[in-house]
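Peer 1: Position 34 (the sequence shown) corresponds to 128 in our numbering; numbering is contiguous.
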Amino acid sequence: MLAWSEEFSIKNQHLDEQHKAFMQLLVETLAFVKSASPNKAQELESRMNLAIESAKEHFNDEEKYMQHIGYPFLNQHKTRHRELISNLSMLLMDIEDVENSAKEFYECLHNWLIVHVLGEDKQIESYRNRLHDVKEIPYSLEQKTKILAETEDIRNGKWHKYICLCHLKEFKVCDALHKIMQEESTFVRCKVCKQPIVFRDSSLDDEDNFETLAKKYFKQF
Numbered sequence: 095m096l097a098w099s100e101e102f103s104i105k106n107q108h109l110d111e112q113h114k115a116f117m118q119l120l121v122e123t124l125a126f127v128k129s130a131s132p133n134k135a136q137e138l139e140s141r142m143n144l145a146i147e148s149a150k151e152h153f154n155d156e157e158k159y160m161q162h163i164g165y166p167f168l169n170q171h172k173t174r175h176r177e178l179i180s181n182l183s184m185l186l187m188d189i190e191d192v193e194n195s196a197k198e199f200y201e202c203l204h205n206w207l208i209v210h211v212l213g214e215d216k217q218i219e220s221y222r223n224r225l226h227d228v229k230e231i232p233y234s235l236e237q238k239t240k241i242l243a244e245t246e247d248i249r250n251g252k253w254h255k256y257i258c259l260c261h262l263k264e265f266k267v268c269d270a271l272h273k274i275m276q277e278e279s280t281f282v283r284c285k286v287c288k289q290p291i292v293f294r295d296s297s298l299d300d301e302d303n304f305e306t307l308a309k310k311y312f313k314q315f
């Protein structure tokens with residue numbers, strides 16, 4: 095389970111606190127799913143109602159903030175908010191098998207965390223910092239890897255070597271992130287030299303080729 099990190103912040107204290115509360119709700123929901131209670135159906139309904147009301151309040155606050163900063167994807171974001179409320183509402187209306195419904199409730203919240211809070215919401219801060227223009231991933235390599243590990247089996251997958259301008263420094267990048275970076279032309283930065291890390295293919299074993307790539311690529315950022 096992911097713990098709150100300052101890398102998740104969108105630099106708005108009120109919205110960050112709401113996101114922290116949501117992550118705590120996710121922890122509590124997982125414990126609830128594993129628990130045994132004679133009143134589990136009633137407790138599940140209560141938790142779902144609380145989640146829906148909290149989400150409505152948060153979405154309203156977040157949409158006001160996006161409008162204030164002129165966020166260009168406000169309408170798309172509003173649509174995602176409505177979809178999330180709709181999904182939770184449908185789960186609430188269809189509680190038959192309590193154990194299965196509790197698991198679906200948790201999975202809905204978990205997906206909300208990974209896709210929306212840590213993905214789509216983080217783009218709000220990327221816009222504020224004008225990172226959208228250069229397609230920079232708004233996380234460190236370590237944090238983005240942890241996020242991907244929530245939904246991908248990265249331990250048993252392939253790992254790729256990346257380099258930066260630091261002398262003799264290499265990074266191991268999981269296959270899921272490697273594909274994102276290569277297919278979408280996105281990147282993460284080295285914490286030390288502040289330059290994008292670059293996939294080390296076989297041609298980089300030749301020093302002349304490395305120098306050519308470094309001059310061509312790193313000067314763009």
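Don't be surprised by glycine CBs; every beta carbon is placed ideally from N, CA and C. Note that the structure is predicted; figures quoted are calculated from it, not measured.
Distance, Cα to Cα, Gly-164 vs His-254?
Peer 2: Each residue's CA atom was taken as its position, placing Gly-164 and His-254 some 38 Å apart.
Peer 1: Cβ atoms of Val-211 and Phe-126: under 8 Å apart, would you say?
Peer 2: no
Peer 1: Is it buried or exposed, Leu-109, if we count other Cβ atoms within 10 angstroms and call 16 or more buried?
Peer 2: The residue in question, Leu-109, is buried, as its Cβ has 16 or more Cβ neighbours within 10 Å.
Peer 1: Are the CB atoms of Ile-231 and Val-282 nearer to each other than 8 Å?
Peer 2: Yes.
Peer 1: According to DSSP, what are the bridge partners of Trp-253?
Peer 2: Cys-268
Peer 1: Thinking just about the alpha-carbon of each residue, which of Glu-214, Asp-188, Leu-182 and Glu-246 is nearest to the one in Ser-103?
Peer 2: Checking every option, the nearest Cα to that of Ser-103 belongs to Glu-214.
Peer 1: Quick one: what does DSSP say Arg-224 is sitting in, helix, strand or coil?
Peer 2: coil
Peer 1: Quick test of your reading: Gln-289 and Leu-262, contact by CB under 8 Å. State the CB separation rounded to the nearest angstrom.
Peer 2: 15 Å between Cβ atoms; not a contact.
Peer 1: Would you say Ile-257 and Ile-218 are within 8 Å of each other, going by their C-beta atoms?
Peer 2: no
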